[in-house]
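Engineer:
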Amino acid sequence: MSEATSIPLPVLGQSSQASMSIALVGNPNAGKTTLFNSLTGLRAKTANFPGTTVDHRQATIVLDGEVHQLVDLPGAYSLEGISPEEEVTRDALMGKLGDKAIPDVIVLVLDATQLTRNLVFGSQILELGRPTIVALNMIDEAEANGLEISVDQLSEELGCEVVPIAARHGRNLDELLNKLTALVKQPVTGTCGSSAACAGCSGCQYSSRFRWATDLTRRSVQGEQTGRTYTNEKIDRIVTHRWVGLACFATLMAVVFMLIFWLASFPMDWLDGMFASTSELVGGFLPEGDFRDLITEGLIGGVGGMLVFLPQIFILFFMITLLEDSGYLARAAFVMDRLMHRVGLPGKAFVPFLAAHACAIPAIMSSRVIDDRRDRLNTILIIPLMTCSARLPVFAMVVALMFPDNAVLAGLTFAAAYAIAIIGALAISFVFRRTILPGKTKPLVIELPPYRLPSLRNALTTSLDQSRLFVRKAGTTILVFSLVLWVLATYPKATPEMLPTSWQDQLSQVEASGDTEAYDTMLAQAQSEYSIAGRMGKFIQPAFAPLGYDWRLSVGVINSFAAREVMVSTLAVLYGAGDEEEGLLGSLRQARDASGGLVFTTPTCLSLLIFYIFAMQCFPTLVVVKRELKGWKWPAFQLVYMTLVAYVGALITYQASLYFLGA
Numbered sequence: 180m181s182e183a184t185s186i187p188l189p190v191l192g193q194s195s196q197a198s199m200s201i202a203l204v205g206n207p208n209a210g211k212t213t214l215f216n217s218l219t220g221l222r223a224k225t226a227n228f229p230g231t232t233v234d235h236r237q238a239t240i241v242l243d244g245e246v247h248q249l250v251d252l253p254g255a256y257s258l259e260g261i262s263p264e265e266e267v268t269r270d271a272l273m274g275k276l277g278d279k280a281i282p283d284v285i286v287l288v289l290d291a292t293q294l295t296r297n298l299v300f301g302s303q304i305l306e307l308g309r310p311t312i313v314a315l316n317m318i319d320e321a322e323a324n325g326l327e328i329s330v331d332q333l334s335e336e337l338g339c340e341v342v343p344i345a346a347r348h349g350r351n352l353d354e355l356l357n358k359l360t361a362l363v364k365q366p367v368t369g370t371c372g373s374s375a376a377c378a379g380c381s382g383c384q385y386s387s388r389f390r391w392a393t394d395l396t397r398r399s400v401q402g403e404q405t406g407r408t409y410t411n412e413k414i415d416r417i418v419t420h421r422w423v424g425l426a427c428f429a430t431l432m433a434v435v436f437m438l439i440f441w442l443a444s445f446p447m448d449w450l451d452g453m454f455a456s457t458s459e460l461v462g463g464f465l466p467e468g469d470f471r472d473l474i475t476e477g478l479i480g481g482v483g484g485m486l487v488f489l490p491q492i493f494i495l496f497f498m499i500t501l502l503e504d505s506g507y508l509a510r511a512a513f514v515m516d517r518l519m520h521r522v523g524l525p526g527k528a529f530v531p532f533l534a535a536h537a538c539a540i541p542a543i544m545s546s547r548v549i550d551d552r553r554d555r556l557n558t559i560l561i562i563p564l565m566t567c568s569a570r571l572p573v574f575a576m577v578v579a580l581m582f583p584d585n586a587v588l589a590g591l592t593f594a595a596a597y598a599i600a601i602i603g604a605l606a607i608s609f610v611f612r613r614t615i616l617p618g619k620t621k622p623l624v625i626e627l628p629p630y631r632l633p634s635l636r637n638a639l640t641t642s643l644d645q646s647r648l649f650v651r652k653a654g655t656t657i658l659v660f661s662l663v664l665w666v667l668a669t670y671p672k673a674t675p676e677m678l679p680t681s682w683q684d685q686l687s688q689v690e691a692s693g694d695t696e697a698y699d700t701m702l703a704q705a706q707s708e709y710s711i712a713g714r715m716g717k718f719i720q721p722a723f724a725p726l727g728y729d730w731r732l733s734v735g736v737i738n739s740f741a742a743r744e745v746m747v748s749t750l751a752v753l754y755g756a757g758d759e760e761e762g763l764l765g766s767l768r769q770a771r772d773a774s775g776g777l778v779f780t781t782p783t784c785l786s787l788l789i790f791y792i793f794a795m796q797c798f799p800t801l802v803v804v805k806r807e808l809k810g811w812k813w814p815a816f817q818l819v820y821m822t823l824v825a826y827v828g829a830l831i832t833y834q835a836s837l838y839f840l841g842a
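So in the numbering used here, spot 333 of the sequence shown is number 512, and the numbers just go up one at a time.
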């Protein structure tokens with residue numbers, strides 16, 4: 180093999196902590212994360228490596244009664260560090276990431292259907308001399324494709340244990356854990372086996388590695404690929420077609436969102452009723468007064484108003500994970516790249532854009548994979564326009580108010596919100612690249628994985644993980660905001676004599692009519708406007724009146740700048756959802772403004788939807804943008820342009836809706 184300068188390796192030693200560190204490494208799409216999820220379930224946490232913005236997942240794993248740390252390193256094709264992910268993987272294996280110790284044991288995950296390419300990277304891992312075990316993943320797909328792999332031959336030539344597994348189905352994971360347990364109990368000797376065929380070739384060129392990997396594959400694999408690859412190609416001719424592919428993508432997304440609303444309607448109604456009943460039950464046990472109102476309206480109403488939308492969050496991530504596991508989303512990226520390139524977005528921006536549908540913050544951080552400064556800046560400015568999970572409760576609330584009994588229209592409206600966000604982002608990028616950020620963009624180079632049957636287990640694990648984060652946020656951030664807002668919306672207390680003359684006159688007229696219920700409702704509305712939150716809302720409401728918002732909606736918009744989903748809990752508190760038998764959606768449908776008209780008319784709902792499609796409404800995102808771009812200039816520009824687009828868009832939508840639909 181050709182010689183080149185070798186990378187100096189640090190001396191191997193067991194980590195100072197009682198537990199050992201076990202690293203999962205492999206090529207992208209080799210199934211590392213699926214294996215990680217199968218081994219750890221929901222015990223994982225996501226964090227950034229010290230000094231980087233590339234995240235990783237880590238969790239504890241128990242082997243023979245001993246607790247060890249399992250780390251899922253970013254996928255890499257090489258340890259030469261071409262991309263940020265590869266740099267992190269290399270530095271993590273070398274012990275050069277802050278206080279992170281060198282992994283004591285490596286689990287090298289190889290894709291059995293792409294063995295030659297995976298072995299090229301595997302040769303670099305074996306050269307490190309760490310105790311290593313090979314997890315030969317997707318063995319079921321290799322067998323289905325007509326391939327027969329000699330595990331004993333591979334194990335002998337690599338000089339380490341090789342375990343054939345199917346991580347998506349849990350096949351042979353027990354055997355992998357048993358052999359991993361035996362490996363961690365062995366003394367750390369610093370070698371994976373003296374008989375490794377690649378031993379001593381540290382630093383050799385790619386061509387030499389490829390020849391070695393090809394020869395080893397030829398000796399270890401029998402059989403030829405069946406017609407499955409041809410089937411993949413026939414499907415790809417349709418779903419990756421320039422125009423048909425776009426139509427397939429749009430249709431699929433519309434179907435997904437219709438299913439989300441149809442499937443989620445039943446558990447949402449149940450949760451809404453449950454929180455309303457809980458509020459009524461708790462209120463019956465507590466004595467009448469502010470403390471009871473704090474619990475029923477501030478606590479149960481505020482937090483419950485958010486948790487009502489948990490089923491939609493769960494189903495959305497479940498379906499997105501199924502699409503990702505099937506291999507389709509990579510095709511969608513390929514189809515969208517043609518369009519993105521025309522509007523000045525680099526092909527690599529698709530990955531941050533996809534991540535932004537969960538949260539804009541990690542998406543912005545992951546934009547470091549984009550080399551060109553202008554390309555990256557343009558991507559960061561556009562990312563917050565993607566529909567993140569924090570927008571989902573607001574969208575779901577608005578759409579449910581518009582179409583309470585029509586899942587088809589609700590799903591199409593929800594899909595339209597996503598489409599408007601994407602079209603708006605592309606249009607704004609087109610303007611930016613021809614004005615403030617001129618220049619050419621680089622095309623996308625992406626690996627298209629084979630089509631495969633999605634793993635229900637992996638989809639459930641991912642959905643439960645995201646749902647857990649959503650519930651945690653509702654139990655912390657949303658809880659605090661709900662309680663603080665209840666105080667602002669309740670105090671100072673006002674007797675009828677303390678209210679403005681206009682309110683006193685109206686109350687006197689209603690009281691004279693003998694309608695006690697109407698009197699209590701009007702008094703509660705007057706006291707709400709007299710509160711701190713009411714005065715704030717009245718002060719800012721003129722700015723939002725052209726959009727169709729009353730003072731309570733205006734307060735919700737301002738409050739949600741801290742976090743978009745706070746909008747829902749704000750409305751739940753201000754409209755007294757916790758005090759109504761109908762729950763949040765029932766309370767909002769019946770809410771009326773000062774003139775006695777319904778608050779949530781179709782024009783107002785459409786205006787609110789457009790506003791939240793484009794508005795920044797996320798202070799933590801601005802902080803991350805400031806950190807990534809080293810200053811407040813671009814975050815300030817981002818806040819201004821997104822707010823203007825949101826306001827103008829909502830204004831046009833509301834006024835046009837009034838003209839064509841009426842109030």
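For each residue, glycine too, the CB sits at the ideal point set by N, CA and C. Because the structure is a prediction, the values reported are computed rather than measured.
Quick check on the DSSP output: what are the complete alpha helix (DSSP H) runs of length 4 or more inside the region 639 to 689, in order along the chain?
Structural biologist: 656 to 669
Engineer: Give, in chain order, every unbroken run of the alpha helix (DSSP H) that is at least 4 residues long and sits entirely within the region 243 to 326.
Structural biologist: Scanning the region 243 to 326 for uninterrupted alpha helix (DSSP H) segments of 4 residues or longer gives 263 to 273, 294 to 306, 318 to 323, listed from N- to C-terminal end.
Engineer: Does the region 521 to 531 come close enough to the region 602 to 619 to have 3 or more Cβ pairs within less than 8 Å?
Structural biologist: Contact between the region 521 to 531 and the region 602 to 619 is present, because at least three Cβ pairs lie under 8 Å.
Engineer: Less than 8 Å between the beta carbons of G477 and S661, yes or no?
Structural biologist: One-based indexing of the sequence shown puts residue 477 at position 298. One-based indexing of the sequence shown puts residue 661 at position 482. The answer is yes: Cβ separation under 8 Å.
Engineer: Leaving aside the five residues before and after F496 along the sequence, list all residues of the same chain whose C-beta is less than 7 Å from its C-beta, in chain order.
Structural biologist: Counting from 1 along the sequence shown, the entry for residue 496 is found at position 317. T641, S642, Q645, listed in sequence order.
Engineer: Count the other CB atoms within 10 Å of the CB of F816; is the residue buried (16 or more) or exposed (fewer)?
Structural biologist: Indexing the sequence shown from 1 puts residue 816 at position 637. Exposed, because fewer than 16 other Cβ atoms sit within 10 Å of the Cβ of F816.
Engineer: Could you tell me which uninterrupted alpha helix (DSSP H) segments, each at least 4 residues in length, are contained entirely in the region 420 to 484, listed from first to last along the chain?
Structural biologist: Here the runs fully enclosed are 423 to 464, 469 to 472.
Engineer: Going by C-alpha to C-alpha distance, which of Y709, E807, C567, A691 sits closest to A794?
Structural biologist: Here residue 794 corresponds to residue number 615 of the sequence shown, with the count starting at 1. Looking at the Cα atoms, C567 is the closest of the given residues.
Engineer: Short of 8 Å in beta carbon distance, which residues of its chain neighbour L333, apart from the five on each side in sequence? Order them along the chain.
Structural biologist: Numbered from its first residue, the sequence shown carries residue 333 at position 154. Only V313, L315, V341, L395, S399 meet the Cβ criterion.
Engineer: What residue range is occupied by the uninterrupted alpha helix (DSSP H) comprising V824?
Structural biologist: In the sequence shown, counting from the first residue as 1, residue 824 sits at position 645. Element bounds for V824: 812 to 840.
Engineer: Within its chain, find whatever has a CB closer than 7 Å to the CB of A446; leave out the 5 residues flanking it on each side and keep chain order.
Structural biologist: Locating residue 446 in the sequence shown gives position 267, where the first residue counts as 1. A small correction: the amino acid at residue 446 is Pro; Ala does not occupy that position in the sequence shown. Closer than 7 Å at the Cβ level, and outside the excluded window around P446, lie P490.
Engineer: With DSSP collapsed to three states, give me the class of T566.
Structural biologist: For the purposes of this step, residue 566 is identified with residue 387 of the sequence shown, where counting begins at 1. DSSP places T566 in coil when its eight states are reduced to three.
Engineer: What does a CB cutoff of less than 8 Å around M677 pick up in its chain, not counting 5 residues either side in sequence?
Structural biologist: Your numbering for residue 677 matches position 498 in the sequence shown. If we look at M677 and ignore the five residues flanking it on each side, its Cβ neighbours are Y709.
Engineer: Taking just the CA atoms, how far does A829 sit from L823?
Structural biologist: By 1-based counting over the sequence shown, the position of residue 823 is 644. By 1-based counting over the sequence shown, the position of residue 829 is 650. Distance between the alpha carbons of L823 and A829 is about 10 Å.
Engineer: On the three-state DSSP scale, how would you describe P343?
Structural biologist: As a working mapping, residue 343 is identified with position 164 in the sequence shown. Strand, per DSSP.
Engineer: Closest to V250 by CA distance: which of E259, N216, E266 is it?
Structural biologist: Within the sequence shown, residue 250 is the residue found at index 71, counting from 1. Considering only alpha carbons, the answer is N216.
Engineer: So for L632, helix, strand or coil by DSSP?
Structural biologist: One-based indexing of the sequence shown puts residue 632 at position 453. DSSP places L632 in coil when its eight states are reduced to three.
Engineer: Could you have a look at Q401 and say whether DSSP puts it in helix, strand or coil?
Structural biologist: The residue labelled residue 401 in the question sits at position 222 within the sequence shown. Strand, per DSSP.
Engineer: May I ask which residues mark the beginning and end of the beta strand (DSSP E) holding V204?
Structural biologist: Here residue 204 is taken as the residue at index 25 of the sequence shown, counted from 1. It spans 200 to 205 - the beta strand (DSSP E) in which V204 sits, taken as one unbroken run.
Engineer: Just how far apart, CA to CA, sit G775 and L837?
Structural biologist: Locating residue 775 in the sequence shown gives position 596, where the first residue counts as 1. Locating residue 837 in the sequence shown gives position 658, where the first residue counts as 1. If I take the Cα positions, the gap works out to 18 Å.
Engineer: Do the CB positions of G274 and A209 come within less than 8 Å of each other?
Structural biologist: Mapped onto the sequence shown, residue 274 falls at position 95. Mapped onto the sequence shown, residue 209 falls at position 30. Not in contact: G274 and A209 (Cβ atoms no closer than 8 Å).
Engineer: Alpha helix (DSSP H) containing L588: first to last residue?
Structural biologist: Taking the sequence shown and counting its residues from 1, one reaches residue 588 at position 409. Start and end: 586 to 612.
Engineer: Taking only three categories from DSSP, how would you classify L627?
Structural biologist: Start at 1 with the first residue of the sequence shown, and residue 627 comes out as number 448. DSSP places L627 in coil when its eight states are reduced to three.
Engineer: Helix or strand or just coil, what does DSSP make of I540?
Structural biologist: On the sequence shown, position 361 is the one that residue 540 refers to. In the structure shown, I540 sits in a helix (DSSP, three-state: H, G or I).
Engineer: Opposite L777 in the DSSP bridges: which residues?
Structural biologist: One-based indexing of the sequence shown puts residue 777 at position 598. Here L777 is bridged, per DSSP, to R771.
Engineer: Determine the direct distance from the alpha carbon of A511 to that of S456, and round the result to whole angstroms.
Structural biologist: The residue you call residue 456 lines up with position 277 of the sequence shown. The residue you call residue 511 lines up with position 332 of the sequence shown. So the alpha carbons of these two residues sit roughly 44 Å apart.
Engineer: Using the three-state DSSP reduction, which class does R350 fall into: helix, strand or coil?
Structural biologist: On the sequence shown, position 171 is the one that residue 350 refers to. The answer is strand: DSSP assigns R350 an E or B state.
Engineer: Please state the DSSP three-state secondary structure of I615.
Structural biologist: Taking the first residue of the sequence shown as position 1, residue 615 is located at position 436. It is coil, neither helix nor strand.
Engineer: Inspect the beta-carbon positions of R296 and D319 and report whether they are closer than 8 Å.
Structural biologist: If you number the sequence shown from 1, residue 296 lands on position 117. If you number the sequence shown from 1, residue 319 lands on position 140. By the CB criterion at 8 Å, R296 and D319 fall outside the cutoff.
Engineer: By a C-beta neighbour count over all protein chains shown, 10 Å radius and 16 as the cutoff for buried, is F529 buried or exposed?
Structural biologist: As a first step, residue 529 must be located in the sequence shown, where it is residue number 350. Label assigned to F529: buried.
Engineer: Does A825 pass the burial test, meaning 16 or more other C-beta atoms within 10 Å, or should it be called exposed?
Structural biologist: The residue given as residue 825 occupies position 646 in the sequence shown. A825 should be labelled buried.
Engineer: Rank L359, A773, V246 by C-alpha distance to the C-alpha of K717 and give the top, closest one.
Structural biologist: As a first step, residue 717 is located in the sequence shown; it is residue number 538 there, counting from the start. The candidate whose alpha carbon is nearest that of K717 is A773.
Engineer: For the alpha helix (DSSP H) that contains M576, what are its first and last residues?
Structural biologist: Counted from its first residue, the sequence shown places residue 576 at position 397. Element bounds for M576: 571 to 581.
Engineer: For V330, name the three-state secondary structure that DSSP assigns.
Structural biologist: Within the sequence shown, residue 330 is the residue found at index 151, counting from 1. It is helical.
Engineer: Would a C-beta distance cut-off of 8 Å place G452 and V752 closer than the cut-off?
Structural biologist: Walking along the sequence shown from the start, residue 452 turns up at place 273. Walking along the sequence shown from the start, residue 752 turns up at place 573. In this structure, V752 does not lie closer than 8 Å to G452 by Cβ.
Engineer: Under a CB-based cut-off of 8 Å, is S329 close to chain B?
Structural biologist: Among the protein chains of the structure shown there is no chain B, as only one such chain exists.
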